[in-house]
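Engineer:
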Amino acid sequence: MSDTISMPGGGWRLWRHFALRGPGFPAAGVLRLAPEGLASAADKFAPGEVLAGADWEAFQEDFSEAAVRTARDLQEIAASAPFRAAVAWQNRAVLRTGIKPFLDWTPSAQGRTSMPRQREELVAHYWQRFCVKNDTIGFFGPVGWGAFDTARRGVEVHPGAGLVAESRVYFSSWSMDALAKAIDRDPRVRAWTPPRQVPFVRVVDGTVRLPGRPPQPAPEPALTVLRLCDGRRTPTEIAGLAARELGREVPAPEVTEALEWLVARRLIGWKLDVPAGTYPERELRALLERIGDPAVREPALAKLAVLESGRDRVERAGTDAEELTAALAALEAGFAEITEVSAVREKGARTAPNRALVYSDCRRSATATVGTAVLEQLAPLELCLTAARWMTNRYARTVGARLHEAYEKLRAEHGQVDLGSLWFACLPAPHPSSIADIERIQAELRERWSRIIDAPPGARRVTLTSAAIADQVREAFPEGGRGWSLSRYVSPDLMIVAEDLAAVERGEFQLVIGELHVAMNTIGQSLFVHQHPDRAQLIEETTRDFPGPRLLPMLPKELPLKWSARSRQSLERPEDHYVALADFSADPHRPRTVRSADVRVEERDGRLAAVLADGSVFDLIDVFCHALSNRVMDRFTLRADGDHSPRITIDSTVVARESWRFAGSALAFADDKSEARRFVRARQWRDTHELPRFVFVVSPTEPRPFFVDFDSPVYVNILAKAARRLARKDPAAQLTVTEMLPTPEQAWLTDDQGRRYTSELRLVAVDRTVAPGEPA
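In terms of UniProt numbering, the sequence shown opens at residue 1 and continues consecutively.
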C-alpha cells in the first residue's frame, strides 16, 4: 500500500489518487468571444449619460462590426468537427435545427436579425460549457487522473498524447431493460427465466408475510414454490425440488399456475431482469446464454448483437460528427424496431439523467502529480472537513434515534424485526422526518460558522488564519459521535490559482475549495472507476478504508434526476455483502447476496445491528447509508443568507467565493432592445455592484450553471435572456452570481500542444478518527 497522505492536522488523510476534472476544449476558447477594445470603448459612457451623439454613433458602428466578427468566430467554432460531435452527444437535433442554418447564414450587420442572434447564443452557450465547465462526460469532459507525491514540491503535468487516451461507449441501463422486455415477449423464454421472491416477503408458519400487512394464507403448491424462487432456479428446477418437498409429482402446468398466482399478488418477479452494472449488455448476455434451448436462445442473442454492433459503430465514429450522427440514428432505429420503444426518453421529473440509449466516457491523456507545496496548505480544508464530520455525526445520531423508535414499535407488535419491515416503516428513507432534521442541522452549521467568520456588514473580503480559528472550529464542531460507513468520506473539489506551475513550486499560489461532496466517495462512481487505468488501485484504497467486509444496500438501477448507470457505486469487492431492500438489482448468482426479509434487526450493545443468516453482523445504519448521504451530500456551505456573501479566505485558501443574489427584474439592462445599449448598461450595472469580469450564474429557470464574460456581448445577451425568463416565471425568484476563480487566464492543465484547460482536483478525504473496519 502507498504511503499515507496525511492532512496537516492528522485527523484526515487523502487517497493518493485523485480525479482531474476538466473540459475537453481549451479555456482560451471563450476569450475569443470578447472583441478586443470593445469593453473599454463601452466604459467611456458614464452611468445615466444619454446615449446619443457622434460618440455613440461611432460606438454603435464599432459594436456592429465586432458583432459580425464574433458571429464569424462562432461559425468557425460551430463548423469544427469536435464541436459538432460534442453537440451530437448532447442533442443531435440541434445540429439540424440550429447549427446547420447558422452555418448557412452569411453574417452581416443588417442580417443579424432575431433568429441568427438566437443561433449565435445557442453556439456560445454550448461553447462556454465545453470550454470552462469542469464536467465529466464524453471527450468534451474527459476523466483525468493524478496522484500525490510527497517527494515532489510543486505540480507537474504529464500531457500524454492528444486529448483522450481511451474512449468507450456504454449502454444506459434502461435500454437493456427495454430489450429484455422485448425478448420476454417470446412466451418460450419464460420456461428458462428464474422467478425471484420480492426482497421483503417472508413465509412464516404457512403464511405469507409482507411489511405492514396481516399474514396472508397461500395454497399449496404456491407456498412451496414461493420458498424456492431464488432468482437462480428455472421453473423446471423448481418443479423437481417442490416434488421432493411435497412428496408427490408436481406437473409443469401446476407450477406455472402457482407462479402466475404469485406474480398476480406481487410476491415474485418472473421476467428477464437485467442486474445493475456498468455493462448491462454483458449482464443480459449472461442471462440469455443460460437459456438451454438454441431455438429460443439464438434469436434473443441476435437481437442483442444488433444493438452491440450499433454501439460499436458509434464508438468507432469518434469525433467525426457526420458519422457519429449517422451511427446514433442507425442505433436508435434498430432499437426502436426491435423493442417498439422510443429510443430517447422524454425529459421530466420521473426521468433519470441518462435519457439516450448510449453515453460516452473518456480518459484524458494528461495526468498530474501534486507535491508538498499544495499538501502543506490544506489546513483550511481540514477545518471544513471537521465541520462536515460534525454535521454527519449529528445527523446520524438524530436519524438513528428515529430508526430505534421505529424498531421498538415493530418489536412490540411482532416480537422480532426483519430488515424489510423496518425499511418500509421508515419510508421515505432514511425516515419521513429526515429532511426537516438535516435542514435544522444545516442551519445550525451555518450559524456556528458565521460566529467563527464574524464577517463585518458589507464586507467584500474576509481573511482569516487557520491557527487563529482552529480552536474555535474544534469547539464549535467537536469530534464526538459516530456516523455511517460512507460518512467517513468527503470528496472535495480543489482548484489551484497560479500564474504558472513554476509559481506553485515557489509557493506563489492560492487554493480554492469548490464543492464538498459530503459522506460520499464520488471517485467510486462508475463514470470515474471505469476510466481509471487500473481499477485494482482504487480497490486497494477502498480496502485500506474497510479491511473487512461491508454491507452494501442494493440501489435501484436509476432514480429520477439523481443517478443512473454512470453514477453507480463501482468499488464493490467479492467479500462485501449485498442486501436487497425494496429492489433486487444485483445478480442473484453473486455470493453474499441476501434479501431484506432474511436479515434480522437486533439491539446489541445499545446499537441496532443487521444480522445476516450466515451470522455476519453490521451496524444497522449502514443499510441506510446511501439514503443518509443523499440528504447531506450538498448541505455543506459557508455562504451566508442574504443578497451578498463575501469571499472568505483562510491562510491562502479561498473557502467561499464571493457571490450575489438578484431578482431577474433587478437586471434592468436585460429589457433593452438595443444590443449596444444593453452591453453598455450591463457593464455599468456590473460596475455598480463591483462584479468581476468572469462569473458563473445559477438561475431557477436554467438547467445548469452558465458562464458569463462581461466583456463579451454574446454572453451578456445570454445573461439578459436568463434574467427576462426568470422575471416572467417568478418575479420573486433570484439568480445567484458567483465569481469565477480561477479565471480562464489562470488555467494550468495543458495538453501535448501546450493548450490550457480549466481544471479541478476531485479528492477523496477519509476520516481517521474512526479505526478502519469499525462502524463510522
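Glycine included, each C-beta is placed from N, C-alpha and C at the ideal position. Predicted, not measured: the structure shown is a model, and the values here were computed from it.
Can you give the Cα-Cα distance for V594 and T236, rounded to whole angstroms?
Structural biologist: What you label residue 594 is simply residue 594 of the sequence shown in a count that begins at 1. What you label residue 236 is simply residue 236 of the sequence shown in a count that begins at 1. Approximately 23 Å, taken between the alpha carbons.
Engineer: When DSSP builds the beta bridges, which residues end up paired with W563?
Structural biologist: Mapped onto the sequence shown, residue 563 falls at position 563. W563 is bridged to L559.
Engineer: Mind checking which residues open and close the beta strand (DSSP E) that includes Q110?
Structural biologist: The residue labelled residue 110 in the question sits at position 110 within the sequence shown. Neither: Q110 is in no beta strand (DSSP E) and is coded neither H nor E.
Engineer: I need the DSSP call for M1, collapsed to helix, strand or coil.
Structural biologist: Your numbering for residue 1 matches position 1 in the sequence shown. Because M1 sits at a pLDDT of 40, beneath the cut-off of 50, its placement in the model cannot be relied upon, and the following sentence gives the value as read from the coordinates. If DSSP states are grouped into helix, strand and coil, M1 belongs with coil.
Engineer: Taking S629 as part of the alpha helix (DSSP H), name the residues at either end of that continuous run.
Structural biologist: Counting from one through the sequence shown, the residue named residue 629 turns up at place 629. It spans 625 to 632 - the alpha helix (DSSP H) in which S629 sits, taken as one unbroken run.
Engineer: Could you check if K673 is buried or exposed, using at least 16 other CB atoms within 10 Å of its CB as the buried criterion?
Structural biologist: Within the sequence shown, numbered from 1, the residue matching residue 673 stands at position 673. It counts as exposed.
Engineer: For the stretch 179 to 214, which segments carrying the beta strand (DSSP E) assignment without a break, of at least 3 residues, lie completely within its bounds, in sequence order?
Structural biologist: For the stretch 179 to 214, whole beta strand (DSSP E) runs of length 3 or above, ordered along the chain, are 202 to 204, 207 to 209.
Engineer: May I ask you to report which of helix, strand or coil DSSP gives W145?
Structural biologist: Position 145 of the sequence shown, counted from the start, is the residue given in the question as residue 145. Note: W145 maps to strand in three-state DSSP.
Engineer: Distance check for A610 and R604, CA to CA, integer angstroms please.
Structural biologist: In the sequence shown, residue 604 corresponds to position 604, counting from 1. In the sequence shown, residue 610 corresponds to position 610, counting from 1. Using only the alpha carbons, I get a separation of about 10 Å.
Engineer: On the three-state DSSP scale, how would you describe F63?
Structural biologist: For the purposes of this step, residue 63 is identified with residue 63 of the sequence shown, where counting begins at 1. Helix at F63.
Engineer: Whose C-alpha, out of V770, T4, A765, P8, is nearest the C-alpha of A379?
Structural biologist: Within the sequence shown, the letter at position 379 stands for residue 379. The shortest C-alpha separation from A379 is found at P8.
Engineer: Short of 7 Å in beta carbon distance, which residues of its chain neighbour Q734, apart from the five on each side in sequence? Order them along the chain.
Structural biologist: The residue you call residue 734 lines up with position 734 of the sequence shown. Correct list, in chain order: R661, F662, A663.
Engineer: Taking its Cβ as the centre, do 16 or more other Cβ atoms sit within 10 Å of T465, making it buried, or is it exposed?
Structural biologist: By one-based count along the sequence shown, residue 465 stands at place 465. By the neighbour-count rule (16 or more Cβ atoms within 10 Å), T465 is not buried but exposed.
Engineer: Find the nearest neighbour of D752 within the set E408, A670, S365, judged by alpha-carbon distance.
Structural biologist: In the sequence shown, the residue the question calls residue 752 occupies position 752. Residue S365 is the option with its Cα nearest to D752.
Engineer: Helix, strand or coil for Y489? Go by DSSP, reduced to three states.
Structural biologist: Here residue 489 refers to the residue found at position 489 when the sequence shown is read from its first residue. Residue state, collapsed to three classes: strand.
Engineer: Three or more beta-carbon pairs under 8 Å between the stretch 82 to 93 and the stretch 39 to 48, yes or no?
Structural biologist: Short answer: they don't touch.
Engineer: Tell me, please, which residues DSSP counts as bridged to Q734.
Structural biologist: In the sequence shown, residue 734 corresponds to position 734, counting from 1. A663, per the DSSP bridge assignment.
Engineer: My parser needs the alpha helix (DSSP H) runs of 4 or more residues fully inside the stretch 409 to 437; what are they?
Structural biologist: Listed in chain order, the complete alpha helix (DSSP H) runs (minimum 4 residues) inside the stretch 409 to 437 are 419 to 425.
Engineer: Could you name the residues of the same chain whose beta carbon sits closer than 6 Å to that of A336, not counting the 5 residues immediately before and after it, in chain order?
Structural biologist: What you label residue 336 is simply residue 336 of the sequence shown in a count that begins at 1. Same-chain partners within the cutoff: A343.
Engineer: Out of curiosity, what's the CA-to-CA distance linking R461 and E739?
Structural biologist: For the purposes of this step, residue 461 is taken as the residue at position 461 of the sequence shown. For the purposes of this step, residue 739 is taken as the residue at position 739 of the sequence shown. When rounded, the distance between both Cα atoms is 13 Å.
Engineer: Classify R248 as buried or exposed, calling it buried when 16 or more other Cβ atoms lie within 10 Å of its own Cβ.
Structural biologist: Your numbering for residue 248 matches position 248 in the sequence shown. When all chains shown are included, R248 counts as exposed.
Engineer: Exposed or buried, P428, counting other C-beta atoms within 10 Å across all chains shown (16 or more means buried)?
Structural biologist: Residue mapping note: residue 428 aligns to position 428 of the sequence shown, counting from 1. The residue is exposed, with fewer than 16 neighbouring Cβ atoms inside 10 Å.
Engineer: Quick one: grab the DSSP three-state call for H689.
Structural biologist: On the sequence shown, residue 689 is found 689 positions in, with the first residue counted as 1. Coil at H689, not helix or strand.
Engineer: Determine the contact status of V764 and L14, defining contact as a CB-CB distance below 8 Å.
Structural biologist: For the purposes of this step, residue 764 is identified with residue 764 of the sequence shown, where counting begins at 1. For the purposes of this step, residue 14 is identified with residue 14 of the sequence shown, where counting begins at 1. Against a cut-off of 8 Å, the Cβ pair of L14 and V764 comes out as a contact.
Engineer: Would L381 and T653 qualify as a contact pair, given that the criterion is a beta-carbon distance under 8 Å?
Structural biologist: Within the sequence shown, numbered from 1, the residue matching residue 381 stands at position 381. Within the sequence shown, numbered from 1, the residue matching residue 653 stands at position 653. For L381 and T653, yes; Cβs fall inside 8 Å.
Engineer: Let's see if you can read the secondary structure: which residues bound the beta strand (DSSP E) around W12?
Structural biologist: Within the sequence shown, residue 12 is the residue found at index 12, counting from 1. That run of the beta strand (DSSP E) goes 12 to 14.
Engineer: When the Cα atoms are used, what is the spatial distance from L410 to T522?
Structural biologist: Within the sequence shown, numbered from 1, the residue matching residue 410 stands at position 410. Within the sequence shown, numbered from 1, the residue matching residue 522 stands at position 522. Each residue's alpha carbon lies about 35 Å from the other.
Engineer: Would you mind sorting P560 into buried or exposed? The rule is 16 or more other CB atoms within 10 Å of its CB.
Structural biologist: By one-based count along the sequence shown, residue 560 stands at place 560. Looking at its Cβ environment, which holds fewer than 16 other Cβ atoms inside 10 Å, P560 is exposed.
Engineer: Measure the alpha-carbon distance for I650 versus L749 and round it to whole angstroms.
Structural biologist: Stepping through the sequence shown from its first residue, residue 650 is reached at position 650. Stepping through the sequence shown from its first residue, residue 749 is reached at position 749. About 25 Å.
Engineer: Hey, could you find the ends of the alpha helix (DSSP H) V714 is sitting in?
Structural biologist: For the purposes of this step, residue 714 is taken as the residue at position 714 of the sequence shown. That run of the alpha helix (DSSP H) goes 713 to 729.
Engineer: Near V203, which residues of its chain fall below 7 Å by C-beta distance, leaving aside the five closest residues on each side in sequence?
Structural biologist: Reading the sequence shown from its first residue, position 203 is the one you call residue 203. Same-chain partners within the cutoff: L223, L226, R227.
Engineer: Short of 6 Å in beta carbon distance, which residues of its chain neighbour D149, apart from the five on each side in sequence? Order them along the chain.
Structural biologist: If you number the sequence shown from 1, residue 149 lands on position 149. So the list reads T369, G371, once near-sequence residues are dropped.
Engineer: In the DSSP assignment, the alpha helix (DSSP H) including P235 goes from what residue to what residue?
Structural biologist: What you label residue 235 is simply residue 235 of the sequence shown in a count that begins at 1. 235 to 246 is the extent of the alpha helix (DSSP H) around P235.
Engineer: Using CA coordinates, which residue listed in T701, A151, Q510 is at the minimum distance from L726?
Structural biologist: Residue numbering aside, residue 726 sits at position 726 when the sequence shown is read from its first letter. Comparing Cα-Cα distances from L726 to each of T701, A151, Q510, the minimum goes to T701.
Engineer: So what's Q531 in DSSP terms, helix, strand or just coil?
Structural biologist: Within the sequence shown, numbered from 1, the residue matching residue 531 stands at position 531. Q531: coil per DSSP, three-state reduction.
Engineer: Got a sec, what are the start and stop residues for the alpha helix (DSSP H) L262 sits in?
Structural biologist: Residue mapping note: residue 262 aligns to position 262 of the sequence shown, counting from 1. Unbroken alpha helix (DSSP H) run through L262: 252 to 264.
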